[in-house]
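Report on one structure; see the data block that follows.
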Amino acid sequence: MQHHSPLLLDGRALLDADRLLAAKLADRRASFELSFRAAPPHTGFLVISGLESSLELFGRPLVDPAAVAAAQSLVGFSDALAQRLAHLVPAIDLDAVPDGTIAFPGAPIATVEGPFLEASLLASLLRAAARRATAIATRTARLHQAAAGDPVIDGSSAHAHGSEASMLVARAAYVGGASATTNVIAAMALGVPFRASPGLVLGPAGPSLETTTVDGWGALDTDDLADLGAGDDEEAMMIEAKRRGRRAGGWIARGLDDAEARALPMRCELVALEQGGAWAVPPADLGDEAAPRPGRKMVVRYTDGAGRLVADVVHLMAERMRSPQDLGAATLAPLSRPRVRQGRALERPEAPSLGRDRSIAARATLPEAVTYLRAPATYRVEESAAVVAQREAAAKARARVPVRKG
């Protein structure tokens, strides 16, 4: 059911879509923006993942018509929505950063535009995938840093619940910096190198399980793989083992799928709505953001002459970008690129290896203090004057909206 009807996953999104139909807003063109509100503690940057694999959604039906009636009976949405879902053609546009992009809280990573109803459903779906995959990729990136050149092996995806979840974990881990996986299916499907070692030892006294965890802090042969265990403290375990002189041919991380997505709160916000054939700021009473950030925006990255990152600036789409000289930089480039137009993907999803190369190369261009594993510096992310003015005007309009009762 999940594989054949991903748009039926989120019941709240379906109820919102039903309200849009009732309010006759479903066909108004809308623009939704995805961004992270904050990073986990002691995390100076995020490694984006999950958006690339979402491109595969546009090559297959998003709703199985046979499942719509059952979903309607369960959720209670209208016949009008059931009819629309059964014949859904999501003619939406998607601009997004590619997997492996280094990003920061407050800066949009994707924009979904199209008919209000379809855009809201797709944005909700992309939000869920990006949040989980980015949590895994970011956690793996930290392990890759802590390993200081030693291979990190994804030992988590092989135990994920379900084939789709398994692929998401394996892809995100590889994008974050894992060198290989113990997941045979993912290795074959995604082109990720496979690496594992047996845990069963057959000796004179009979079979026994080989212990290669770092609990004993003993020495291993440099070709052996050390198992970091299945907890949420792999990073600390690895750092302590290396501090004690532990050497290994690779570190198996079995807790990547436990990366705390709740530590990565996201915004999925309506930022513009068509009025009279043109984009306009949404009405102040539409949406549940206490501090709305309206306006179709783009993130521009500024780098110095050596290619090192200087700052990211959030501009309005129709606004002239700030010159690099204003920020002490040499060049600028937008982060997002067009990925889908009118429901058709403009390109095939990238191989995970490209995302991995991108994330490792981009981390090397960050200011060193931003990459610290403890108490990192904050990277410079600014909003343009036009973005600030529009946000302040929206906050004032929002403050005038009567409080809803019930």
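Going letter by letter, the sequence shown gives residues 754 to 1159 in the numbering used here. For glycine and all other residues, C-beta sits at the position ideal for the given N, C-alpha and C. These numbers come from a predicted model, not from an experiment.
Extent of the continuous alpha helix (DSSP H) run through residue i
i     : result
H1068 : Here H1068 belongs to no alpha helix (DSSP H); instead the beta strand (DSSP E) covers L1062 to L1069.
R765  : G764 to A775
T891  : F869 to A900
A1083 : Taken as a continuous stretch (DSSP letters only), A1083 belongs to no alpha helix (DSSP H), as it is neither H nor E.
DSSP three-state assignment for residue i, whether helix, strand or coil
i     : result
P794  : coil
P818  : helix
M1019 : strand
G929  : helix
I1113 : helix
E1136 : strand
Q1095 : coil
E1100 : coil
V945  : coil
T1118 : coil
P851  : coil
E1042 : coil
E1013 : coil
A1148 : helix
E1027 : strand
L1126 : coil
V1141 : helix
Spatial neighbours of residue i in its chain, beta-carbon cut-off 8 Å, leaving aside the 5 residues before and after
i     : result
A881  : L762 and D763
L1119 : G797, F798, I855, R1061, L1062 and Y1132
R1127 : H795
L1107 : P851, D852 and G853
T964  : Reliability fails at T964, whose pLDDT of 49 lies under 50, so the model's placement of it is uncertain and no value is given.
Residue span of the beta strand (DSSP E) that contains residue i, given as start and end
i     : result
K1050 : K1050 to T1056
A844  : First-last for A844: undefined, no H or E at that position.
F789  : R782 to F789
V905  : V905 to D907
E805  : Not the beta strand (DSSP E): E805 falls in the alpha helix (DSSP H), residues L804 to S807.
I705  : Shown here, the chain extends from 754 to 1159; a query on residue 705 therefore has no answer.
R997  : Note, R997: premise wrong, no beta strand (DSSP E); not H, not E.
V1034 : From DSSP, V1034 is part of no beta strand (DSSP E); its letter is neither H nor E.
L778  : Per DSSP, L778 belongs to no beta strand (DSSP E) and is neither H nor E.
L978  : L978 to D980
Same chain only: Cβ atoms within 7 Å of residue i, ignoring 5 sequence neighbours per side
i     : result
P858  : F789, R790, A791 and A792
V937  : F947
R772  : none
A1130 : G797, P1120, A1122 and V1123
S877  : D763, A766 and C1021
E809  : P1102
Cβ separation of residue i and residue j, assumed to be a contact under 8 Å, to the nearest whole Å
i     : j     : result
L921  : R885  : 7 Å
I889  : T935  : About 15 Å separates the two Cβ atoms, so there is no contact after all.
F785  : V1024 : 7 Å
A1147 : V1067 : In fact, because the Cβ distance is near 15 Å, the residues do not count as touching under 8 Å.
Counted within 10 angstroms of its Cβ, other Cβ atoms place residue i as buried (16 or more) or exposed
i     : result
E1121 : exposed
Y927  : buried
G969  : Annotation note: pLDDT 46 at G969 (below 50); position unreliable, coordinate value reported separately. Classification for G969: exposed.
M941  : exposed
P1125 : The sequence as given places Tyr at residue 1125; Pro does not occur at that position. Under this definition Y1125 is an exposed residue.
L1080 : buried
Q712  : As displayed, the chain neither begins before 754 nor continues past 1159, which places residue 712 out of reach and without an answer.
R1015 : exposed
Q825  : buried
H912  : exposed
S873  : buried
G915  : exposed
G984  : exposed
S1076 : exposed
D832  : exposed
Neighbourhood of residue i by C-beta distance below 6 Å, restricted to the same chain and skipping five residues each side
i     : result
S758  : V816, D817 and A820
P1087 : M1051 and V1053
I801  : V850, T854, A856, I862 and T887
G998  : none
G1058 : A1083
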